[in-house]
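Only one structure is covered here, and it is reproduced in the block below.
Protein chains in written order, with my numbering: chain Z, 76 to 336; chain Y, 91 to 164.
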């Protein structure tokens with residue numbers, strides 16, 4: 076467990092280094108011309124809200140590519156986001172601010188398990204579809220696939236479910252754990268092989284390390300679109316920023332050509 | 091780079107690292123061997139980030155390196 080906490084600041088550092096090199100400096104080029112990061116005064120709140128709803132919440136642009144790519148992307152992005160949120164809530168209410176309701180077996184704890192497992196299942200289904208579709212993708216669709224990222228995230232999810240199932244299988248049966256959905260079903264299926272001691276530790280550590288390493292990977296791969304695409308769409312929804320970019324491009328084109336030494 | 095974006099790049103990194111050290115301390119305990127290892131890890135990450143920020147040349151508009159031409163950038 077200590078090894079996990081020691082590695083986390085490093086992995087997140089690698090994520091930020093990737094974001095700086097691959098996102099921030101590019102943003103600087105685009106936004107630099109406007110002289111400010113966010114155009115607070117001429118902010119078009121309605122356009123921003125509309126862009127957020129279209130591009131982030133319902134992902135209308137992906138819907139134009141077809142029902143299946145849209146369903147797959149919605150399952151992955153919403154599954155990942157909700158899972159991340161429930162992870163934070165779980166850490167908060169079971170470790171940092173432990174409340175009676177969130178102790179193992181209580182209502183709050185079952186709610187957290189339900190949320191974690193439901194979002195994890197959505198993510199798992201989305202990733203399996205992505206992997207299957209990626210293998211059968213034609214050249215046009217191929218450029219939108221990210222097989223290494225899909226496999227990486229799939230490993231994170233699968234190790235998480237297996238570790239949870241082993242943990243449940245190590246404990247006496249409890250019907251209320253049915254709220255943990257796939258974790259519970261898998262745990263009951265694995266019960267004949269219990270107890271899992273070394274293998275449970277292995278899967279838990281593998282899950283924790285893979286999940287942390289995946290954060291680092293986000294900044295250095297196609298997965299950077301998790302940050303870049305919504306940000307870009309939101310920026311481009313702002314007329315002030317669009318105009319600043321066009322003005323900068325025009326000024327660049329009109330600048331006299333200078334020889335580089 | 092616009093100063094506000096530069097400030098965002100620095101502060102978002104340092105606040106995240108500080109929160110991670112705090113969260114880790116709650117698990118490993120303050121002043122323990124684990125705590126010092128977590129702190130060392132955050133320091134290494136900070137030095138690496140500072141070096142990258144200092145050394146990364148910002149491309150100019152029109153340079154190929156500045157063009158976010160892949161779908162996963164913008």
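Glycine included, each C-beta is placed from N, C-alpha and C at the ideal position. Please read all numbers here as calculations on a predicted model, not as lab measurements.
| Item | Value |
| --- | --- |
| Give the residues from the stretch 111 to 124 of chain Y that approach chain Z closer than 7 Å (Cβ to any Cβ), ordered along the chain. | 111, 114, 116, 117, 118, 124 |
| My output table needs one value for residue 241(Z): the three-state DSSP class, helix, strand or coil. | helix |
| Helix or strand or just coil, what does DSSP make of residue 86(Z)? | helix |
| Is the shortest distance between the beta-carbon of residue 138(Y) and the beta-carbons of chain Z less than 8 Å? | yes |
| Expressed to the nearest angstrom, what Euclidean distance is found between the alpha-carbon atoms of residue 289(Z) and residue 213(Z)? | 27 Å |
| Going by beta-carbon coordinates alone, are residue 183(Z) and residue 168(Z) separated by less than 8 Å? | yes |
| Excluding five sequence neighbours on each side, which residues of the same chain lie with their C-beta closer than 8 Å to the C-beta of residue 86(Z)? | 287, 288, 290, 291 |
| Identify the continuous alpha helix (DSSP H) that holds residue 280(Z) and give its terminal residues. | 273 to 293 |
| Within 10 angstroms of the Cβ of residue 147(Y), are there 16 or more other Cβ atoms? Answer buried if so, exposed if not. | exposed |
| Please classify residue 171(Z): is it buried, with 16 or more other beta-carbons within 10 angstroms of its beta-carbon, or exposed? | exposed |
| Is the shortest distance between the beta-carbon of residue 295(Z) and the beta-carbons of chain Y less than 8 Å? | no |
| Would you call the stretch 145 to 158 of chain Z in contact with the stretch 178 to 194 of chain Z, where contact means no fewer than 3 C-beta pairs closer than 8 Å? | yes |
| Jot down the residue ranges of each uninterrupted alpha helix (DSSP H) in the stretch 92 to 166 of chain Z, minimum 4 residues, whole runs only, in chain order. | 100 to 107, 120 to 126, 135 to 138, 142 to 166 |
| Of all the options 271(Z), 235(Z), 82(Z), 255(Z), which has the alpha carbon lying nearest to the alpha carbon of residue 282(Z)? | 235(Z) |
| Enumerate in chain order the residues of its own chain whose CB-to-CB distance from residue 253(Z) is below 6 Å, with the five nearest sequence positions on each side excluded. | 259 |
| Contact criterion: CB-CB distance below 8 Å. Does residue 84(Z) meet it with respect to chain Y? | yes |
| For residue 82(Z) and residue 209(Z), I'd like the C-alpha separation in whole angstroms. | 32 Å |
| Please look up how many angstroms separate the CB atoms of residue 118(Y) and residue 80(Z), rounded, as I've assumed it's under 8 Å. | 6 Å |
| For residue 226(Z) and chain Y, any beta-carbon pair shorter than 8 Å? | no |
| Taking 8 Å as the CB-CB cut-off, is residue 77(Z) touching chain Y? | yes |
| Counting beta carbon pairs with one atom in the stretch 261 to 279 of chain Z and one in the stretch 291 to 303 of chain Z, are three or more of them shorter than 8 Å? | no |
| Can you tell me whether residue 145(Y) is buried or exposed, with buried defined as 16 or more other CB within 10 angstroms of its CB? | exposed |
| Could you tell me how far apart the beta carbons of residue 125(Z) and residue 312(Z) are, in whole angstroms, since I believe they sit closer than 8 Å? | 7 Å |
| Mind pulling the chain Y residues with CB within less than 9 Å of residue 257(Z)? | Simply none; closest approach about 27 Å. |
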